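Enquirer: This is the structure I have questions about; it appears just below.
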Amino acid sequence: MPFHVLVIGGGIGGLTFAQGLRKSGVSVALYERDRAKGDRLQGYRIHITPKGCRALHDCLPPELYDRFVATSGKPNTTLGFYDDRLRELLVIGDENAPEHYIDSFKSVSRISLREVLLSGLDDVVNYGKTFTRYEQLPGGRVRAHFEDGTHADGDLLVAADGVGSRVRKQLLPHAERQDTGALSVSAKVPLDDETRSLLPPQLFAGSGFLFGPQGKTVFLAAHEFRSRSSVARKPEAGLLMDNAADYIMWNIVTTWERLGDRDKLERMDGAELQQVAFEATEGWTPQLRKLIARSDLDSISIFPLKTSTPVKGWETGNVTLIGDAIHNMPPTAGVGANTAILDAQLLSRNLIEYAGGRMSLAEAVGGSRRGRYPCASRVGLRR
Ligand SMILES: Cc1cc2nc3c(=O)[nH]c(=O)nc-3n(C[C@H](O)[C@H](O)[C@H](O)COP(=O)(O)OP(=O)(O)OC[C@H]3O[C@@H](n4cnc5c(N)ncnc54)[C@H](O)[C@@H]3O)c2cc1C
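Take the sequence shown: its letters are residues 4 to 386, numbered as in the working numbering.
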């Protein structure tokens with residue numbers, strides 16, 4: 004029987020990993036709880052670092068990497084720091100940096116990235132399969148059980164089932180997530196001449212942070228296309244799900260303690276959250292408040308910032324984890340998806356070595372875990 008890999012979860016990490024194995028002919032099946040391709044459309048853009056782009060380039064067939072580049076927005080090459088009056092403190096990076104096919108930052112719609120990652124995997128992805136538990140089988144194989152009463156057997160089970168990972172709960176029950184006490188309120192604002200005029204030009208060549216009193220910060224980033232020809236427009240979806248529209252994203256980070264009743268805040272609609280954003284930025288630059296006023300109300304959301312607690316290394320076996328399933332981090336650094344993609348690259352490369360007889364399975368799986376520690380440990384996971 005050929006070496007066969009089971010993947011639980013078809014998010015950014017699981018799909019990249021499946022693509023990486025598929026590209027090299029390693030047998031893989033992915034199980035996703037959603038019922039259809041479109042169930043997990045998420046509206047916001049995602050920022051992919053040069054390392055993340057290289058990992059995608061490694062894992063994807065050339066025509067899919069081409070599509071990833073073609074559907075990305077203008078690159079973000081600078082990062083600015085401002086005070087709450089939008090006075091520049093520091094700008095790093097180079098706004099004239101040449102765009103590179105691989106080695107440059109890319110801003111991509113999650114919807115477009117998902118379409119790319121799902122391409123060509125129709126015979127790999129099984130929808131409507133909610134993983135419940137795994138079981139060790141005699142002879143070193145492993146069985147995944149699903150809510151619908153079915154099961155699947157393989158030689159290695161890879162958990163890419165995100166923050167609430169059921170695989171993690173079984174394998175590492177002591178690895179928990181922690182509420183940081185902080186939250187984020189975010190929204191999309193249509194990018195037009197008026198909203199463009201509110202912000203410094205640097206923010207259209209990159210992104211920026213505004214620092215205010217009481218430790219509050221606002222993150223601003225524009226997602227702007229060079230041309231629309233490569234992305235199919237879905238205007239009926241509204242700005243949140245329109246993956247072809249130019250927009251500015253704002254994101255306020257503060258603590259629940261400062262904002263008041265958490266239960267009440269989590270039940271608020273867009274208009275109420277917009278009011279919360281106004282109150283949180285009272286006294287800040289009028290440009291920011293004008294931007295908040297122009298927000299698309301359906302796109303405003305509030306969410307808690309959580310992180311993983313450090314876990315000690317564990318014995319390498321035939322079950323392992325990648326992405327948020329093992330190192331969930333607050334989105335404030337913009338590295339969670341990038342780390343999931345790097346995990347996928349490293350583990351798929353190692354398994355290709357194993358399948359070619361150049362590495363043992365323990366080296367392939369254990370080595371990929373050690374390889375990603377330096378990156379993830381700064382944000383959550385430690386040995
Ligand atoms: C607002 C926001 C902005 C962000 N911006 C960035 C950014 O700019 N750059 C960046 O690098 N990161 C960013 N991140 C983080 C990034 O989104 C995550 O780190 C990334 O999605 C993790 O990928 P994953 O594949 O591990 O998990 P996910 O993408 O969450 O995928 C998990 C998958 O598993 C499936 N699943 C779950 N349970 C089961 C089950 N029991 N059975 C079967 N399937 C299951 C889910 O349906 C899902 O498809 C951001 C996060 C947020 C919230």
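Just so you know, even glycine gets a beta-carbon here, dropped at the ideal spot from N, CA and C. Please read these numbers as outputs of a predicted model, since none were measured by experiment.
Considering only DSSP beta bridges, list what Ala225 is partnered with.
Expert: Ile251
Enquirer: I'd like the list of long-range same chain contacts for Phe222, defined as Cβ closer than 6 Å, with 5 residues on each side in sequence excluded.
Expert: Phe212 and Asn254
Enquirer: Classify Asp346 as helix, strand or coil using the three-state DSSP reduction.
Expert: Of the three classes helix, strand and coil, the one that applies to Asp346 here is helix, per DSSP.
Enquirer: How about Ile114 and Lys191: are their beta carbons less than 9 Å apart?
Expert: For Ile114 and Lys191, no; Cβs fall outside 9 Å.
Enquirer: Could you tell me if Thr323 is buried or exposed, where buried requires 16 or more neighbouring beta carbons within 10 angstroms of its beta carbon?
Expert: buried
Enquirer: With distances taken Cα to Cα, identify the nearest neighbour of Thr319 among Gly359, Ala336 and Leu160.
Expert: Leu160
Enquirer: In whole angstroms, what is the alpha-carbon distance linking Arg36 and Leu92?
Expert: Rounded to whole angstroms, Arg36 to Leu92 spans 46 Å at the Cα level.
Enquirer: May I ask which residues mark the beginning and end of the beta strand (DSSP E) holding Thr81?
Expert: Thr81 to Asp86
Enquirer: Is Val314 close to ligand 1? I mean its beta-carbon at under 8 Å from any heavy atom of the ligand.
Expert: no
Enquirer: CB-CB under 7 Å to Asp182, same chain, minus the five flanking residues each way: which ones, in chain order?
Expert: If we look at Asp182 and ignore the five residues flanking it on each side, its Cβ neighbours are Pro307 and Lys309.
Enquirer: Is Asn321 buried or exposed, if buried means 16 or more other CB atoms sit within 10 Å of its CB?
Expert: buried
Enquirer: Indicate, with yes or no, if ligand 1 has a heavy atom lying under 8 Å from the CB of His148.
Expert: no
Enquirer: What does DSSP give as the partner residue(s) for Arg48 in the beta ladder?
Expert: Ser112
Enquirer: I'd like to know if the stretch 194-205 and the stretch 57-68 are in contact, where contact means that at least 3 CB-CB pairs between them fall below 8 Å.
Expert: no
Enquirer: Ile105 by DSSP, collapsed to three states: which one?
Expert: coil
Enquirer: For Gly23 and Cys62, which I take to be in contact (beta-carbon distance under 8 Å), what is that distance rounded to the nearest angstrom?
Expert: 4 Å
Enquirer: Who are the Cβ neighbours of Pro53 in its own chain at under 8 Å, not counting the five residues just before and after it?
Expert: Hits under 8 Å: His103, Ile105, Asp106, Ser107 and Phe108.
Enquirer: Can you say whether Asn341 is buried or exposed, counting buried as having 16 or more other CB atoms within 10 angstroms of its CB?
Expert: buried
Enquirer: CB of Ser342 to nearest heavy atom of ligand 1: below 8 Å?
Expert: Here residue 342 turns out to be Thr, not Ser, going by the sequence shown. Yes, the Cβ of Thr342 comes within 8 Å of a heavy atom of ligand 1.
Enquirer: Would the beta-carbon of His154 be found less than 8 Å away from any heavy atom of ligand 1?
Expert: no
Enquirer: With DSSP as the reference, label His60 as helix, strand or coil.
Expert: Helix at His60.
Enquirer: Let me know if Asp126 comes out buried or exposed under the rule of 16 or more other beta-carbons within 10 Å of its beta-carbon.
Expert: exposed
Enquirer: With a threshold of 8 Å (Cβ to nearest heavy atom), would Thr389 be considered close to ligand 1?
Expert: Since the first and last residues shown for the chain are 4 and 386, residue 389 lies out of range.
Enquirer: Can you find the residues in the same chain that come closer than 6 Å, C-beta to C-beta, to His7, ignoring five residues on each side of it along the sequence?
Expert: Here the set comprises Ser30, Gly157 and Asp158.
Enquirer: What is the residue span of the alpha helix (DSSP H) that Ala280 lies within?
Expert: Taken as a continuous stretch (DSSP letters only), the alpha helix (DSSP H) holding Ala280 covers Gly273 to Ala283.
Enquirer: Express the C-alpha separation of Ile355 and Gln277 in angstroms, rounding to a whole number.
Expert: Taken atom to atom, the span from the alpha-carbon of Gln277 to that of Ile355 is near 49 Å.
Enquirer: Given a cut-off of 9 Å, decide if Ala185 and Val256 are closer than it, judged by their beta-carbon atoms.
Expert: Contact annotation: Val256 and Ala185 have beta-carbon atoms nearer than 9 Å.
Enquirer: For Pro216 versus Leu89, is the C-beta spacing smaller than 9 Å?
Expert: no
Enquirer: Taking Thr310 as part of the beta strand (DSSP E), name the residues at either end of that continuous run.
Expert: Ser304 to Ser311
Enquirer: Taking the straight line between their C-alpha atoms, what separation do you get for Leu121 and Gly131?
Expert: 15 Å
Enquirer: When you compare only the Cα positions, how much space is there between Ala178 and Ala343?
Expert: Going from the Cα of Ala178 to the Cα of Ala343 covers about 18 Å.
Enquirer: Pull up the CB-CB distance for Ala163 and Ala358, whole angstroms please, since I reckon it's below 8 Å.
Expert: The Cβ separation is near 19 Å, so there is no contact.
Enquirer: Counting only the same chain and skipping the five closest in sequence on each side, list residues whose C-beta sits under 7 Å from that of Arg38.
Expert: Exclusion of the five residues before and after Arg38 leaves Tyr130 and Gly131 as the residues of its chain whose Cβ lies within less than 7 Å of its Cβ.
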